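**Q**
In this note's numbering, the protein residues as written are 1 to 227.
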């Protein structure tokens with residue numbers, strides 16, 4: 001953010017559980033992925049924010065429930081902090097979410113339930129309804145407002161989604177294949193599958209890079225500066 005009069009698009013990234021926001025820095029090497037896309041004229045550099053939504057590996061599922069008002073915190077408190085302290089572009093299509101595993105669920109849920117704030121959502125090995133960790137189910141996983149297939153069918157949020165599942169990660173494959181038929185315009189969905197690979201961070205590195213480049217293709221705010 002060296003240019004004082006410039007504003008930037010925003011990507012909010014959610015980790016998995018168990019997991020940590022440091023996974024983006026230390027294992028996924030997110031800065032290197034972004035700079036690769038920037039240097040290869042695939043996107044312009046965004047502001048990236050990685051909130052801790054699973055404190056002490058508590059499986060909040062990012063929802064408003066007995067574990068706290070997490071969805072409200074993400075879309076109200078966190079949003080306010082970002083816009084107050086960082087030079088952001090206000091247009092919703094300059095805002096995207098991303099996440100892996102449980103964070104992929106958070107990403108899809110937050111973007112689909114708040115299309116007034118976000119234009120894009122990226123899910124890597126995520127799912128489309130709450131899936132609580134063993135012995136951590138504090139709320140009803142069948143809560144209607146968090147069934148994203150129903151959200152897609154009934155509310156048809158005007159957002160673009162990009163979702164990945166690895167071929168040997170059967171739960172993620174099944175979740176994505178079950179969700180796909182529910183999507184109709186103006187919601188859009190790009191899917192990516194690999195033939196091999198399970199449910200682990202190294203498998204998600206290339207899809208993360210590809211999904212960020214996708215933002216540069218679909219949104220003028222993320223498009224490379226020479227575009």
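For each residue, glycine too, the CB sits at the ideal point set by N, CA and C. From a predicted model like this one, the values you see are computed outputs, not experimental measurements.
1. Classify residue 213: buried if its beta carbon has 16 or more other beta carbons within 10 angstroms, exposed otherwise.
2. Kindly indicate which three-state DSSP category residue 192 falls into: helix, strand or coil?
3. So the alpha helix (DSSP H) residue 205 belongs to, where does it begin and stop?
4. Helix, strand or coil for residue 14 per DSSP?
5. What's the gap between the Cα of residue 18 and the Cα of residue 198?
6. To the nearest angstrom, how far is it from the Cα of residue 93 to the Cα of residue 122?
7. Please look up how many angstroms separate the CB atoms of residue 185 and residue 125, rounded, as I've assumed it's under 8 Å.
8. Rank 120, 117, 59, 169 by C-alpha distance to the C-alpha of residue 130 and give the top, closest one.
9. Please classify residue 179: does DSSP put it in a helix, a strand, or coil?
10. One question on the structure: do residue 42 and residue 160 come within less than 7 Å of each other, judged by their Cβ atoms?
**A** The answer reads as follows:
1. buried
2. strand
3. 201-218
4. strand
5. 16 Å
6. 13 Å
7. Going by Cβ atoms, the distance from residue 185 to residue 125 rounds to 26 Å, so no, they are not a contact pair.
8. 59
9. helix
10. no
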